[in-house]
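The opening residue of the sequence shown carries number 1 in this note's numbering; numbering runs sequentially from there.
Note that CB positions come from ideal geometry on N, CA and C, so glycine has one too.
Here is the structure we will look at, set down as structure tokens.
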Amino acid sequence: MRTTNMRPKLIAGNWKMYTSAAAAEELAVAVAAGAPADPNIRLAICPPSIWLTRVAAVLKGSTVSLGGQNCHFEKEGAYTGELAPAMLIDAGCQYVILGHSERRHGFGETDELLNKKTKAALAAGLHVIFCIGELLAEREAERTEAVLDRQLTAGLAGLTPEQMANVVLAYEPVWAIGTGKVASPEQAQAAHAFVRGKIAMLFGEVVAQAVLIQYGGSVKPDNAATLLNLPDVDGALVGGASLKAELFLAIAAGAKR
Ligand code: PGA
């Protein structure tokens, strides 16, 4: 049975390492122009960091939020190629994605490192989109819940319930990212319910009922409404389909109650 809740839906676009300067501006213009007026459907876009200030200028005065795709845990220092959380704030960001599977598995980011990054990002005033999710081999070995448990327990260790107000979780089964294979509604709902239950254990029921849990992994206009209407799915983290404004906006339209 469907439970109704007061949580808004957050649809975030992760542009990864795509777009030229011109394409980023054009995409941001189109997303801002088409953003739904419904206050219960919130949009955020996360362009490559080099385009953040340009995109921030485009989004000024719109309802669309801006996010970075990663940050370092130090405030500043000799860390060639890295970005401090406060730099993302300066560039106009409200969000940062941390723990994306491409960072965990492609760049070796550990739960401990992500915990440091999360604390630093929150301290700087960012909202964190904290990604979790199991590999195909882990799902096949029936280790999905154990993996999510570990990623949440270690990744969010030491955070206060108050800080959790600025954390969004994104459940992204790694086998569904960029593959066209989407989790079934049953798989998605079961994982999201498990995550919410774990958050209740770690931070209490009030935090668990308030926290937004996005689904990510091959979200497209044709599967968005089904996923977004599941009781514990509070939005989507969209990769490929966020690079076309009409697809991203069609996904957002699927969040309408
Ligand atoms: P996808 O990516 O929508 O292209 O599967 C999702 C993500 O990486 O967050």
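Under the three-state reduction of DSSP, which class applies to residue i: helix, strand or coil?
{"i": "Ala91", "result": "coil"}
{"i": "Leu10", "result": "strand"}
{"i": "Leu156", "result": "coil"}
{"i": "Leu202", "result": "helix"}
{"i": "Ala37", "result": "coil"}
{"i": "Arg2", "result": "In this prediction, Arg2 has a pLDDT of 47, which is less than 50 and means its spatial position is unreliable; nothing more can be read from the coordinates."}
{"i": "Arg54", "result": "helix"}
{"i": "Ile251", "result": "helix"}
{"i": "Ala183", "result": "coil"}
{"i": "Met136", "result": "Here the sequence assigns Leu to residue 136, which means Met is not the residue at that position. Leu136: helix per DSSP, three-state reduction."}
{"i": "Ala191", "result": "helix"}
{"i": "Asn229", "result": "coil"}
{"i": "Arg83", "result": "First, the amino acid is wrong: residue 83 is Leu here, not Arg. If DSSP states are grouped into helix, strand and coil, Leu83 belongs with coil."}
{"i": "Val207", "result": "helix"}
What's the gap between the Cα of residue i and the Cα of residue j?
{"i": "Gly34", "j": "Ala250", "result": "10 Å"}
{"i": "Gly44", "j": "Lys244", "result": "Here residue 44 is Ala; the residue named in the question, Gly, does not match the sequence. When rounded, the distance between both Cα atoms is 14 Å."}
{"i": "Gly106", "j": "Ile97", "result": "15 Å"}
{"i": "Glu205", "j": "Ile199", "result": "8 Å"}
{"i": "Trp51", "j": "Glu74", "result": "22 Å"}
{"i": "Glu25", "j": "Thr53", "result": "10 Å"}
{"i": "Thr80", "j": "Glu186", "result": "44 Å"}
{"i": "Asp90", "j": "Gln189", "result": "37 Å"}
{"i": "Pro161", "j": "Thr144", "result": "25 Å"}
{"i": "Glu76", "j": "Phe130", "result": "22 Å"}
{"i": "Phe248", "j": "Arg42", "result": "12 Å"}
{"i": "Gly61", "j": "Val29", "result": "12 Å"}
{"i": "Ala208", "j": "Ile132", "result": "16 Å"}
Name the DSSP beta bridge partners of residue i, please?
{"i": "His127", "result": "Tyr95"}
{"i": "Ala245", "result": "Paired residues: none, contrary to the question."}
{"i": "Gly68", "result": "Val96"}
{"i": "Val168", "result": "Ile129"}
{"i": "Ala44", "result": "Ala12 and Ser65"}
{"i": "Gly216", "result": "Leu237"}
Considering only their Cβ atoms, is the gap separating residue j from residue i smaller than 8 Å?
{"i": "Leu10", "j": "Gln214", "result": "yes"}
{"i": "Gly158", "j": "Gly99", "result": "no"}
{"i": "Leu59", "j": "Ala32", "result": "yes"}
{"i": "His192", "j": "Asn166", "result": "no"}
{"i": "Val195", "j": "Leu152", "result": "yes"}
{"i": "Leu122", "j": "Gln94", "result": "no"}
{"i": "Ala241", "j": "Lys256", "result": "no"}
{"i": "Cys46", "j": "Ala12", "result": "yes"}
{"i": "Ile177", "j": "Gly235", "result": "no"}
{"i": "Trp175", "j": "Leu230", "result": "no"}
{"i": "Ala120", "j": "Gly92", "result": "no"}
Any idea if residue i is buried or exposed, counting beta-carbon neighbours within 10 angstroms, 16 or more meaning buried?
{"i": "Pro173", "result": "buried"}
{"i": "Ala170", "result": "buried"}
{"i": "Thr19", "result": "buried"}
{"i": "Asn223", "result": "buried"}
{"i": "Gln69", "result": "buried"}
{"i": "Gly254", "result": "buried"}
{"i": "Lys117", "result": "buried"}
{"i": "Met17", "result": "exposed"}
{"i": "Asn5", "result": "exposed"}
{"i": "Gly108", "result": "exposed"}
{"i": "Met164", "result": "buried"}
{"i": "Glu142", "result": "exposed"}
{"i": "Arg104", "result": "buried"}
{"i": "Met1", "result": "With a pLDDT of 43 at Met1, under the threshold of 50, the predicted position of this residue should be treated as unreliable, and no value is reported."}
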